[in-house]
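Protein sequence lines correspond, in order, to chains A and B.
When we follow this note's numbering, the leftmost residue of the first sequence carries the number 1, and every step to the right adds one.
When we follow this note's numbering, the leftmost residue of the second sequence carries the number 1001, and every step to the right adds one.
Each residue gets a CB set at the ideal place from its N, CA and C atoms; glycine is no exception.
Scroll down for the structure; my scribbles are underneath it.
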Amino acid sequence: DAKTTQPPSMDCAEGRAANLPCNHSTISGNEYVYWYRQIHSQGPQYIIHGLKNNETNEMASLIITEDRKSSTLILPHATLRDTAVYYCIALNAGGTSYGKLTFGQGTILTVHP
Amino acid sequence: EAQVTQNPRYLITVTGKKLTVTCSQNMNHEYMSWYRQDPGLGLRQIYYSMNVEVTDKGDVPEGYKVSRKEKRNFPLILESPSPNQTSLYFCASSPTGGYGYTFGSGTRLTVV
Chain A
1 DAKTTQPPSM DCAEGRAANL PCNHSTISGN EYVYWYRQIH SQGPQYIIHG
51 LKNNETNEMA SLIITEDRKS STLILPHATL RDTAVYYCIA LNAGGTSYGK
101 LTFGQGTILT VHP
Chain B
1001 EAQVTQNPRY LITVTGKKLT VTCSQNMNHE YMSWYRQDPG LGLRQIYYSM
1051 NVEVTDKGDV PEGYKVSRKE KRNFPLILES PSPNQTSLYF CASSPTGGYG
1101 YTFGSGTRLT VV
């Protein structure tokens, strides 16, 4: 699975959009981009995933560049409860490593009042 | 309520005393997995299972065993725990292996 690179930390003001970048320049054609987050010491929470089209759900939007080498997770109106570690993961949905979800170091997002 | 249930939440044990951390899911998911989380090392996968009787090693399987005799249960077994297995453990399940993993609340294990 492709390696992903994320900034170690980011800040955001409450009510503003939080844009979290992820670089996955070696991603292959059948690898999806997944985003999870972990609040304090709770279990990670699935946010969103995509292959090449932009995706939106009730939690966030995912923008994937046309060349698929990078993506951005957007939390449209960040709240204090969005303070967490955000993980970007590239995973081959049909390969032999299917199910082997590997977490990197992630981005610590801090939302300020 | 759809959930992954781990037990116990907290456990302090002594070196060498066999223990089992249970994990059960009520969503009929095929995929289940165990992770450990340590400061500075992040979440690392121990074992995963793609279906009943099908298990495979993750990144850090040494010192652990798993079994998947039933779809809903995926216990983690430490035959002879050592202090370096002191960690926060998470069990997770998913319908497909990548999409929508649901994680348990965690088990904080201390081996003295």
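#### Entry: Best match in A:S9, A:T4 and A:S41 for proximity to A:W35 [C-alpha to C-alpha]
A:T4
### Message
When you compare the CB of B:A1092 with every CB in chain A, is at least one pair closer than 9 angstroms?
### Response
Interface criterion met: the Cβ of B:A1092 is under 9 angstroms from a Cβ in chain A.
### Query
By the criterion of Cβ-Cβ separation under 9 angstroms, what are the contact partners of A:Y86 in chain B?
Per Cβ cutoff of 9 angstroms: no residues; A:Y86 is ~12 angstroms from chain B at best.
### Query
Who are the near neighbours of B:N1073 in its chain, counting only those whose CB is closer than 6 angstroms to its CB and skipping five residues on each side?
S1024
### Query
Is any beta-carbon of chain A found at less than 9 angstroms from that of B:S1067?
no
### Query
The beta strand (DSSP E) with A:A84 in it runs from where to where?
Annotation: the continuous beta strand (DSSP E) that includes A:A84 extends over A84 to N92.
### Task
Can you give me the Cβ contacts of A:Y86 inside the same chain, cut-off strictly under 6 angstroms, excluding the 5 residues immediately before and after it?
L20, R37, G106, T107 and L109
### Task
For A:S41, go through chain B and note every residue whose CB falls closer than 7 angstroms to its CB, in chain order.
L1088 and G1106
### Query
In chain order, what residues of the same chain have a beta carbon less than 8 angstroms from the beta carbon of A:R16, not counting five sequence neighbours either side?
H77 and A78
### Task
Give a yes or no on whether the C-beta atoms belonging to A:G43 and A:I64 are separated by under 9 angstroms.
no
### 8 angstroms contact criterion, which A:I39 and A:L73 should meet: CB distance rounded
Not really, about 15 angstroms apart at Cβ, beyond 8 angstroms.
#### Entry: C-alpha distance - A:L69 paired with A:N92, whole-angstrom precision
Residue identity differs from the one stated: residue 69 of chain A is Lys in this sequence, not Leu. A:K69 and A:N92: Cα-Cα distance of roughly 15 angstroms.
### Query
DSSP beta-bridge partners for B:M1027?
In DSSP, B:M1027 forms no bridge with anything.
### Task
Please state if the CB of B:R1036 and the CB of B:F1090 are separated by a distance shorter than 9 angstroms.
yes
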